[in-house]
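**Student:**
Protein chains: 2
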Amino acid sequence: MKVLVVEDDKEIVDAISLAFQIRWPEAKVVSTRLGQKGVELVETESPDLVILDLGLPDINGFEVLQQIRRFSSVPTIILTVRSDEVDVVKGLEWGADDYITKPFRQLELLARVKSLIRRHSPTEEEWLTYGLMRLDPVTGQLHIGDKEIALTVTENHILSHMMRNAGHVVTHSNLAEAVWGDDYPGATDSLKVHIRRLREKVEKEPGKPVIILTKTGVGYFLSKPD
Amino acid sequence: MKVLVVEDDKEIVDAISLAFQIRWPEAKVVSTRLGQKGVELVETESPDLVILDLGLPDINGFEVLQQIRRFSSVPTIILTVRSDEVDVVKGLEWGADDYITKPFRQLELLARVKSLIRRHSPTEEEWLTYGLMRLDPVTGQLHIGDKEIALTVTENHILSHMMRNAGHVVTHSNLAEAVWGDDYPGATDSLKVHIRRLREKVEKEPGKPVIILTKTGVGYFLSKPD
DNA sequence: GCTAACTGTAACCTATTTGTTACGCACCTG
DNA sequence: CAGGTGCGTAACAAATAGGTTACAGTTAGC
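Structure follows, in structure tokens:
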């Protein structure tokens, strides 16, 4: 468990360190007072959690958050003296997971940290459900009613991504990214083949799909479950 | 999107409903003043989000949360008048995902809700709204009241451009540029065909449009909503 | 190292979308 | 009222996107 604190006020850093020392001694706290350095440390230290002050001496806290989010989804709590609601909204919209205003109480900080870590902890197993379908995205086992169907990894990627966006259209590029990662080869031709194969497994009549539907020119979406 | 509010103070319920109505109209708000009823509603209504007051007339809010957590991991925000830190810590440790203290600001509530929902469904989308119409310009899905209509990419270009210029007349050339890019072929004849097709999807009587109106010699515009 | 399963490519077919054209109607102008 | 302009409408043709299938290369498991 490693925590990165990006904060220029030494007192605050000490308070945070102390809080962890007392209540969560096995956690390691790393800190820096510069935003730029903070971004680098996220990369080199790969912390499990970032606590980020919005008012930094070098660059704006939002800027730091934005840069971090370009390559990492590390849980991040923003810290602000201002109780200014605009900052909070902005921070959350830019990808922060939580915020806390200074002055804060130790207990509250730790409770939020704990809650955040729990949410991100990989132990939580999740099932995706949609209508009658239940999918374990870890194993690719799909249940429809009492039938059990084994999906291949690619099919699993596609279907789980669609189920996570239940009811909404997901674009071709979105799906392609979910399957082949950030930059995928130009030809997304195979996508339609995979869709066909999925339909073969999922639909009664693959030729007349009622679950996996097409949005021409855009992508695919799951029909609304009754 | 369905929200369950468990709260006995009618004013608070109204405030929450109002906040959603204004800023997130497609969300449905269900509420009850009793904790026991709240637990049942989580089961029967399967909301996407629960907002739970800790001070309820029948049973303690923690009790409610605990019972919910026995069978559901629905994202839950707890609501408390007390800024008492112990409550907050306890709530978060018992499985709440976030908390907010009364009195709260609409923006903050919605920001937290949005952040929480986003964690549960990763696609964030921006909607264009105008009167009863809501359009997702990324996918071209259009909602009018409870109807969902699929627009083609061209129709999507046209309508989203008009919605972005809500209430103002957009010229033919403006629209043409929005659809076909900087320099479009001379004949914008097809524009009127697309307008016709849009009206077919959007208007009750496409022949007597009341939403997409013509400004002869200039272009088209959206009628003022109500 | 062999087999079965999975994946991507290509060729061909079908469906949908888009642009074109022709024509009708309303309105304006002289 | 004749002629012109601008928009609406419908039918058709072209272009594009998606569906389907077969096949071959790759991978995984035994």
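Top line first, the protein sequences correspond to chains A and B. Residues 53 to 278, numbered by this note's numbering, are exactly what the first sequence covers, in order. Residues 53 to 278, numbered by this note's numbering, are exactly what the second sequence covers, in order. Ideal Cβ placement from N, Cα and C applies to all residues, glycine included.
So, for E252(B): in the same chain, excluding its five sequence neighbours on each side, which residues have a beta-carbon less than 7 Å away from its beta-carbon?
**Tutor:** The residue you call residue 252(B) lines up with position 200 of the second sequence. Once the five neighbours on either side are set aside, the close Cβ partners of E252(B) are P258.
**Student:** In the DSSP assignment, find the alpha helix (DSSP H) that holds I68(A) and state where it starts and stops.
**Tutor:** Position 16 of the first sequence holds residue 68(A). Its alpha helix (DSSP H) spans residues K62 to R75.
**Student:** Helix, strand or coil, according to DSSP, for E177(A) in the structure here?
**Tutor:** Within the first sequence, the letter at position 125 stands for residue 177(A). Residue placement at E177(A) is poorly supported in this model, since its pLDDT is 48, which falls under 50; the coordinates still yield a value, given next. Three-state result, E177(A): coil.
**Student:** Got a sec: is the Cβ-Cβ distance from M53(B) to anything in chain A below 7 Å?
**Tutor:** Residue mapping note: residue 53(B) aligns to position 1 of the second sequence, counting from 1. With 7 Å as the cut-off, M53(B) does not count as an interface residue toward chain A.
**Student:** Does the separation of the CB atoms of H195(A) and V231(A) fall below 7 Å?
**Tutor:** Position 143 of the first sequence holds residue 195(A). Position 179 of the first sequence holds residue 231(A). In this structure, V231(A) does not lie closer than 7 Å to H195(A) by Cβ.
**Student:** Run down chain A in chain order and give the residues with a C-beta less than 9 Å from the C-beta of G192(B).
**Tutor:** Taking the first residue of the second sequence as 1, we reach residue 192(B) at position 140. Simply V221, K267, G269 and V270.
**Student:** Helix, strand or coil for W164(B), going by three-state DSSP, please let me know.
**Tutor:** Residue 164(B) sits at position 112 when you count from the first residue of the second sequence. One point to set straight first is that residue 164(B) is Arg, not Trp, in the sequence displayed. Of the three classes helix, strand and coil, the one that applies to R164(B) here is helix, per DSSP.
**Student:** Check each candidate in A218(B), T204(B) and I247(B) and name the one with the smallest Cα separation from H224(B).
**Tutor:** Your numbering for residue 224(B) matches position 172 in the second sequence. If we check each option's Cα against that of H224(B), I247(B) comes out closest.
**Student:** In chain order, what residues of the same chain lie with their CB nearer than 8 Å to the CB of L168(B), ignoring the 5 residues before and after it?
**Tutor:** As a position in the second sequence, residue 168(B) is number 116, starting the count at 1. Result list for L168(B): L101, P127, I129, D149 and D150, in chain order.
**Student:** Does the distance from the CB of D105(A) to the CB of E59(A) come in under 7 Å?
**Tutor:** Residue 105(A) sits at position 53 when you count from the first residue of the first sequence. Residue 59(A) sits at position 7 when you count from the first residue of the first sequence. Yes; because the gap between Cβ atoms is below 7 Å, this pair is in contact.
**Student:** Mind checking if V205(B) is an interface residue toward chain A, Cβ cutoff 7 Å exclusive?
**Tutor:** Your numbering for residue 205(B) matches position 153 in the second sequence. Yes, its Cβ sits closer than 7 Å to a Cβ of chain A.
**Student:** Using 8 Å for Cβ pairs, my map puts L250(B) next to L211(B). What's the rounded Cβ distance?
**Tutor:** Numbered from its first residue, the second sequence carries residue 250(B) at position 198. Numbered from its first residue, the second sequence carries residue 211(B) at position 159. Indeed they touch by this definition, with Cβ atoms about 6 Å apart.
**Student:** Figure out for me which residue from K89(B), V221(B), E229(B) and L93(B) has the closest Cα to the Cα of T206(B).
**Tutor:** Residue 206(B) sits at position 154 when you count from the first residue of the second sequence. Closest by alpha carbon: E229(B).
**Student:** Give me, in chain order, the residues of the same chain whose beta-carbon lies closer than 7 Å to that of S275(B); leave out the 5 immediate sequence neighbours on both sides.
**Tutor:** Here residue 275(B) refers to the residue found at position 223 when the second sequence is read from its first residue. Closer than 7 Å at Cβ, skipping near neighbours: V262, I263 and L265.
**Student:** Please determine whether the Cβ atom of K166(B) lies at a distance below 6 Å from any heavy atom of the ligand NAD.
**Tutor:** With respect to the ligand NAD, the structure offers nothing, as it holds no ligand at all.
**Student:** Evaluate contact between the segment 114–122 of chain B and the segment 87–102 of chain B, counting only Cβ atoms and requiring at least three cross-stretch pairs below 8 Å.
**Tutor:** At 8 Å Cβ cutoff, the stretches touch.
**Student:** Does DSSP put A228(A) in a helix, a strand or coil?
**Tutor:** In the first sequence, counting from the first residue as 1, residue 228(A) sits at position 176. A228(A): helix per DSSP, three-state reduction.
**Student:** Would you tell me roughly how many angstroms separate the C-alpha atoms of R85(A) and R121(B), rounded to the nearest one?
**Tutor:** Residue 85(A) sits at position 33 when you count from the first residue of the first sequence. Residue 121(B) sits at position 69 when you count from the first residue of the second sequence. If you take the alpha carbons of R85(A) and R121(B), they lie about 40 Å apart.
**Student:** What first and last residue would you give for the beta strand (DSSP E) that runs through H195(A)?
**Tutor:** The sequence position of residue 195(A) within the first sequence is 143, counting from 1. Taken as a continuous stretch (DSSP letters only), the beta strand (DSSP E) holding H195(A) covers Q193 to I196.
**Student:** Could you spell out where the beta strand (DSSP E) holding E200(A) opens and where it closes?
**Tutor:** Within the first sequence, numbered from 1, the residue matching residue 200(A) stands at position 148. That run of the beta strand (DSSP E) goes K199 to A202.
**Student:** How about I74(A) and V57(A): are their beta carbons less than 7 Å apart?
**Tutor:** Counting from one through the first sequence, the residue named residue 74(A) turns up at place 22. Counting from one through the first sequence, the residue named residue 57(A) turns up at place 5. Cβ atoms of I74(A) and V57(A): not closer than 7 Å.
**Student:** S124(A) and V94(A) - do their beta-carbons sit closer together than 7 Å?
**Tutor:** Walking along the first sequence from the start, residue 94(A) turns up at place 42. Walking along the first sequence from the start, residue 124(A) turns up at place 72. In this structure, S124(A) lies closer than 7 Å to V94(A) by Cβ.
**Student:** Give the DSSP-derived three-state secondary structure of M214(B) in the structure shown.
**Tutor:** Along the second sequence, one-based indexing puts residue 214(B) at 162. Correct three-state label for M214(B): helix.
**Student:** Buried or exposed, going by whether 16 or more other CB atoms sit within 10 Å of the CB of R157(A)?
**Tutor:** Within the first sequence, residue 157(A) is the residue found at index 105, counting from 1. Counting Cβ neighbours within 10 Å, R157(A) comes out exposed, since fewer than 16 surround it.
**Student:** Just checking: is the beta-carbon of T175(B) within a distance shorter than 7 Å of some beta-carbon in chain A?
**Tutor:** On the second sequence, position 123 is the one that residue 175(B) refers to. A caution first: T175(B) carries a pLDDT of 43, below 50, which makes its placement in the model unreliable, though a value can still be read off. T175(B) counts as touching chain A.
**Student:** Write down every uninterrupted run of the beta strand (DSSP E) in the segment 75–101 of chain B whose length is 3 residues or greater and which is fully enclosed by it, in chain order.
**Tutor:** Segments of the beta strand (DSSP E) lying fully in the segment 75–101 of chain B: 80–84.
**Student:** Quick check on the DSSP output: the alpha helix (DSSP H) that includes D150(A) runs from which residue to which?
**Tutor:** By one-based count along the first sequence, residue 150(A) stands at place 98. Not the alpha helix (DSSP H): D150(A) falls in the beta strand (DSSP E), residues D150 to T153.
**Student:** Using a Cβ-Cβ cut-off of 7 Å (strictly less than) and excluding sequence neighbours within five positions of Y291(A), which residues of its own chain qualify?
**Tutor:** Outside the displayed range of chain A (53 to 278) lies residue 291(A), so it cannot be described from this structure.
**Student:** Figure out for me which residue from A202(B), T132(B) and M185(B) has the closest Cα to the Cα of L161(B).
**Tutor:** For the purposes of this step, residue 161(B) is taken as residue 109 along the second sequence, with counting starting at 1. The candidate whose alpha carbon is nearest that of L161(B) is T132(B).
**Student:** DSSP three-state label for F273(A), please.
**Tutor:** Here residue 273(A) is taken as the residue at index 221 of the first sequence, counted from 1. Here F273(A) sits in strand by DSSP.
**Student:** Whole angstroms is fine: what's the gap from D61(B)'s alpha carbon to D139(B)'s?
**Tutor:** Taking the second sequence and counting its residues from 1, the one referred to as residue 61(B) is at position 9. Taking the second sequence and counting its residues from 1, the one referred to as residue 139(B) is at position 87. For D61(B) and D139(B), the distance between alpha carbons rounds to 19 Å.
**Student:** Give the single residue among L70(B), L203(B) and V270(B) whose Cα lies nearest to the Cα of G192(B).
**Tutor:** As a working note, residue 192(B) is residue 140 in the second sequence. That would be L203(B), whose Cα lies nearest to the Cα of G192(B).
**Student:** Using only the alpha-carbon positions, how far apart do G147(B) and V165(A) sit?
**Tutor:** Here residue 147(B) refers to the residue found at position 95 of the second sequence. Here residue 165(A) refers to the residue found at position 113 of the first sequence. Each residue's alpha carbon lies about 13 Å from the other.
**Student:** Ordered along the chain, which non-local residues of its own chain (more than five positions away) have a Cβ less than 6 Å from that of A163(B)?
**Tutor:** Here residue 163(B) refers to the residue found at position 111 of the second sequence. Result list for A163(B): empty, nothing under 6 Å.
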